[in-house]
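Residue numbers (our numbering), protein chains in the order written: chain Z, 1153 to 1503; chain S, 375 to 735.
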C-alpha cells in the first residue's frame, strides 16, 4: 500500500489553518486536500486510484445497502466525534440487518473557515473506526459552502455489506413469535445525554461518555453462536422505547419490558431526572436490540458477554400474545404503562 | 440515586397500594392540580395500582395548557419584530397559536432561543445589548419567583434591554373556580412545588370554604401513593383537612422571601384561563415600578384576532369534566407531533401524558 501524500502539503495547509471555498472547487486545493488528508488516512487501493467511482468485488449475490447523514452538535463529544459516529452509524445499520459491512462512502459538506486541524482529527477518527470495524472507505466527496450556510461540518456515509440467505429475515422480523426474548447489550441513554452535556449552553459539567461504537463484531459473534435471532435493530434516535413501539405496531403480538431489568447509568439517570427526560427515549449509538428464540437467549447472552461491547447484555422483556400491536413496560414500582414512540424531537442534532 | 430511589421503592409502593385497597370503601374522585403530578402518575403507571373506587382527574396545573392563545399570538408578534430575541422554556415552542407557532417563526428566521432558566435569558440580554430580549414568563408560584428575581436583577444591573412578557398566574383562584363551576371532586392532590412558595395557606382556604381534603404531595410514586392514601383516609373518616405529605420540601409558612419578591415585582390582575375563562385577580402583571422591563409596555405589536380550534376540548379536560380520551380529536388529528390544543403539547399536559403512557390501556 502506498500513499501519494507528502506531509509537506498537509503542513502547509495546516499553516493556512482554515477550509476555503476553493477546497471544494474540484481544482488544485481540492486535489491537495484529498491527497493530503483523505487518501492519507483512509489509505486503501480503491482510493489510491483516485477514480470517479470505486470498482468493488462483491462476494455475495445479496447485498445490503444503507445511507445516513450526520449533523451532530457539538462535533466533538466525550466518547466520540462526528467522524466516528458517521462510520459507526452506517456500519451498525448494515450489521443489525444481518449483513457483514464491507465498504463505505464518505461525503463531506464543510463550512468555509472550518479549521483544517479539526477536519484532520475527524478524518483520522473515521479511519481508526473503519479499521476497527473492518470496513474500507472506498469513495468520497467534499463540498465547501459559504460561512453560515452549514454549521461546521456535515458528513454522509453510505455502506454496502454482504448478507447470507439465512439472515435475510432479520431486518423485517417476520419470524418473531410470542415467548421470544428481548435482549439489549447494555445501558441506555448514554449517547444522547453525553452530547447534550457537551453543549455549552447547558453549562453542565459531566463525564458521561457516548456509547458510540461499531457493533458488527459483537453481532458477528452472536450470529455465529446461534441461529435463534429473529430481529435486530440499533436503538438510536427515539431510544429503546421507539424501537420497541415501532416493532409492535400493527403486529399480532405485544411487547412487555421490565423496567427493573434496564441498565441506566447513575449519571445518565441523574441528568435525565434534572431535565425531565425519559432514558427510554434518549438516543444510543452503540446499542442493539435483539429479539431471540427463548431457547437461544442464554447462549446469545453468553456470546455477547465475551465481546467488549456486550459485557452488560441482558434480557429486558419478552414478546407476548396479549396486547397485540402495543408495547408495555412494567414500571420499577410495580405499575404498568404503555411504551410509546418518542413524539416530536427530544433533542435536535443528536447524530 | 439518593433522594429518588427511596421514593421509588417497589415494596413500599405496593404496601401503600394494598392499604388503599383495604380502607377505600366508597367511590372517591381526586384531582391532581399539578401537571407534574399528572405526568408522574402516568409515567409510573400508578392507576394500575389503585382500586376501582378511586378516580383520578387531571387539573389546571399545566402552565402551557391554561395560557391563552392570545398570549402565544402576541409572543409570535414580538418574535417578528426586528432586533428582538425571544427566550422561552421549551414547552411553548410547539404550542399552536392562531395561525403560527414559535417553532415555525424560528424556521422562518426569528431569533427564538430555548432556555432552561430565566437567568439564561438575562445573560442573553447582557451579551446582546443592541437587541431586545423578551422572556416568555409562564407558570405559577413555582416559576414566577425566578422571573421576579430576573426583573429585580435587570433593574439592579441596569440591563434595560431585558423584558418579561408575563402570563404568570396564581393557583388558588383556579382551584376555587373549579369547585364553583360544579366540578365534583372529593379532594385535591395539592401542588407540591407551588406550596413550597405559598405554604399551606392556599390549601387551608380551599379546605375550609369547600369542606374538601387537600394533601400537599411530592412527585415520586411513594409520595403520590401516600398522598392518595391520606386523602382516602380523610374521606372515609369524614374529616377533610390540610395535610402535608411532601414534608421534605414544604413548610407550613412557605418561602417568605420568594413571596416578598413576588409582591415587589408583580401585582394581581384579572386573567384568562383555558377552560375557566377570566378569573378575578388570578394573573400576575408587572408592577408600574418595573414597567420598563414589561414587554407589554415597552414593545408595540399588532396581534392577530384569536382563532381557536373547533372540536378541541382542552378546556373541559383542564376542568376535569372530561378525560382526554373522550375528545374526538385525541390520538387522531391531535397528537404530540401535530397538536390541536395545548394539553397535547406540554409535557405536563393531561392529553400528552395520556397519549404517551395510557393511550390504549
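Yeah, the Cβ is synthetic: ideal placement off N, Cα and C, and Gly gets one too.
Query                                                                                                                          : Result
Where residue 1328 of chain Z sits in the DSSP three-state scheme                                                              : coil
Within 8 Å of chain S by C-beta, residues of the region 1326–1360 of chain Z in sequence order                                 : 1353 and 1354
Identified DSSP bridge partners for residue 562 of chain S                                                                     : S:405 and S:588
Residue 526 of chain S vs residue 638 of chain S beta-carbon contact at 8 Å                                                    : yes
Spatial distance of residue 1207 of chain Z from residue 477 of chain S (CA atoms)                                             : 45 Å
Unbroken stretches of the beta strand (DSSP E), 3 residues or longer, contained in the region 1402–1471 of chain Z             : 1406–1410 and 1440–1444
Any beta strand (DSSP E) of 3 or more consecutive residues that is wholly inside the region 1217–1280 of chain Z               : 1251–1263
Pair within 8 Å by beta-carbon distance, residue 529 of chain S and residue 667 of chain S                                     : yes
Cutoff 8 Å: residue 633 of chain S Cβ touching any chain Z Cβ                                                                  : no
For residue 389 of chain S, three-class secondary structure by DSSP                                                            : helix
Secondary structure, alpha helix (DSSP H): runs of 4+ residues fully inside the region 1321–1375 of chain Z                    : 1342–1350
Residues that residue 731 of chain S contacts on chain Z, provided the C-beta gap is smaller than 8 Å                          : 1489, 1490 and 1492
Residue-chain proximity (residue 1272 of chain Z, chain S), Cβ-Cβ < 8 Å                                                        : no
Closer than 8 Å to chain S by CB, residue 1113 of chain Z                                                                      : Lying outside 1153 to 1503, the shown extent of chain Z, residue 1113 of chain Z is not represented and no answer is given.
Residue 1314 of chain Z versus Z:1252, Z:1348 and Z:1329, residue with shortest Cα-Cα distance                                 : Z:1252
Buried versus exposed, by CB contacts within 10 Å (16 or more), residue 621 of chain S                                         : exposed
First through last residue of the alpha helix (DSSP H) which encompasses residue 530 of chain S                                : 518–531
Three-way DSSP call (helix, strand, coil) for residue 1170 of chain Z in this model                                            : strand
Which listed residue (Z:1307, Z:1282, Z:1224 and Z:1236) has its alpha carbon closest to that of residue 1262 of chain Z       : Z:1307
Nearest-angstrom Cα separation, counted from residue 1413 of chain Z out to residue 1464 of chain Z                            : 11 Å
Chain S within 8 Å of residue 1421 of chain Z, Cβ atoms only                                                                   : yes
Distance between residue 670 of chain S and residue 1422 of chain Z (C-alpha atoms, nearest Å)                                 : 38 Å
Any chain S beta carbon closer than 8 Å to residue 1418 of chain Z                                                             : yes
Residue 1309 of chain Z - partner residues in DSSP beta bridges                                                                : Z:1220 and Z:1258
Within chain Z, the residues that residue 384 of chain S reaches when beta carbons sit closer than 7 Å                         : 1484, 1485 and 1486
Residues of the region 1424–1444 of chain Z with Cβ closer than 8 Å to any Cβ of chain S, in chain order                       : 1425, 1427, 1428 and 1430
Same chain, Cβ closer than 6 Å to residue 425 of chain S, neighbours up to 5 away in sequence not counted                      : 395 and 398
Cβ of residue 417 of chain S within 8 Å of any chain Z Cβ                                                                      : yes
Per DSSP, the bridge partner or partners of residue 487 of chain S                                                             : S:461
Nearest to residue 1400 of chain Z (by Cα), restricted to the options Z:1490, Z:1389, Z:1299 and Z:1273                        : Z:1490
With 16 other Cβ atoms within 10 Å as the buried cut-off, status of residue 1156 of chain Z                                    : Bear in mind that the predicted position of residue 1156 of chain Z carries a pLDDT of just 39, short of 50, making it unreliable; the figure below should be weighed with that in mind. Counting Cβ neighbours within 10 Å, residue 1156 of chain Z comes out exposed, since fewer than 16 surround it.
Ordered list of alpha helix (DSSP H) runs contained in the region 623–650 of chain S, each at least 4 residues                 : 630–639
Chain Z within 8 Å of residue 595 of chain S, Cβ atoms only                                                                    : yes
C-alpha distance - residue 697 of chain S paired with residue 635 of chain S, whole-angstrom precision                         : 37 Å
Sequence-distant residues of the same chain with beta carbon closer than 7 Å to residue 578 of chain S, five excluded per side : 616
Given residue 377 of chain S as reference, the closest of S:571, S:674, S:596 and S:435 once Cα atoms are compared             : S:596
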